[in-house]
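Novice: According to the working numbering, the residues represented by the sequence shown are 113 to 256, in order.
Note that beta-carbon positions come from the ideal geometry of N, C-alpha and C, so glycine has one too.
Following this message is one structure expressed as structure tokens.
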Amino acid sequence: MVTTVMVRSAKVHPMSSLGVRSTKQRTAVAAALAELDDFRSTQEIHEYLKDRGDSVGLTTVYRTLQALSAAGDVDVILREDGESVYRVCSTSHHHHLVCRQCGHTVEVEGPAVERWADSVSAANGFTSVSHTLEIFGLCSNCSH
Ligand SMILES: [Zn+2]
Ligand SMILES: [Zn+2]
């Protein structure tokens, strides 16, 4: 009887430690995003974590970013080269100026864009609309 109990607890242990580890990795990815401040690809975030000694697998970084963006905790946009890039942003609606050379990002508001989106949607009978708009270019540092 006693032996059975011991075997059971030994089986449970590895599963719970696995859970703890994946939470740590999620925290590491979230911390990296907060430190980076600019839009970065899965690969770039993975390399950043590796450089500072956090061994988080590329697949885990990818899955964590998917989960964070699905939860609305990070913004994801499509860069001009077709790569999805991620950033921790303010929660209110905004647009981005993104440097195509260094990734430097500025959050901007576009009241004229909002009015235009509302009016063309209404004029065509569309409801529950949403939009994304990013402006790509060279930041002032990269322009010189
Ligand atoms: Zn730049
Ligand atoms: Zn907008």
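In chain order, which beta strand (DSSP E) runs of at least 3 residues are fully inside the stretch 170 to 237?
Specialist: Runs found: 187 to 190, 196 to 199, 207 to 211 and 217 to 220.
Novice: Take the Cβ of D187 as the centre, count every other Cβ of all protein chains shown within 10 Å, and call the residue buried at 16 or more, exposed below.
Specialist: Sequence index remark: in the sequence shown, residue 187 carries index 75 (1-based). Answer is buried; the Cβ neighbour count reaches 16.
Novice: Quick one: does the C-beta of H205 sit closer than 8 angstroms to a heavy atom of ligand 1?
Specialist: Taking the first residue of the sequence shown as position 1, residue 205 is located at position 93. Checking the Cβ of H205 against ligand 1 gives no.
Novice: Thinking C-alpha only, which one of V220, S231, A234 and S240 is nearest I247?
Specialist: For the purposes of this step, residue 247 is taken as residue 135 along the sequence shown, with counting starting at 1. I247 has its Cα closest to that of V220, out of V220, S231, A234 and S240.
Novice: Would you check whether ligand 2 has a heavy atom nearer than 8 angstroms to the C-beta of L170?
Specialist: Residue mapping note: residue 170 aligns to position 58 of the sequence shown, counting from 1. False, no ligand heavy atom lies under 8 angstroms from that Cβ.
Novice: My understanding is that R138 touches V197, with C-beta atoms under 8 angstroms, so please give their C-beta distance in whole angstroms.
Specialist: Here residue 138 refers to the residue found at position 26 when the sequence shown is read from its first residue. Here residue 197 refers to the residue found at position 85 when the sequence shown is read from its first residue. About 19 angstroms separates the two Cβ atoms, so there is no contact after all.
Novice: Hey, would you say V200 sits closer than 9 angstroms to A142, going by beta carbons?
Specialist: Counting from 1 along the sequence shown, the entry for residue 200 is found at position 88. Counting from 1 along the sequence shown, the entry for residue 142 is found at position 30. Going by C-beta atoms, V200 is nearer than 9 angstroms to A142.
Novice: Mapping the DSSP letters down to three states, classify R138 as helix, strand or coil.
Specialist: Position 26 of the sequence shown holds residue 138. Helix at R138.
Novice: Is T154 buried or exposed, if buried means 16 or more other CB atoms sit within 10 Å of its CB?
Specialist: Walking along the sequence shown from the start, residue 154 turns up at place 42. Buried: at least 16 other Cβ atoms inside 10 Å.
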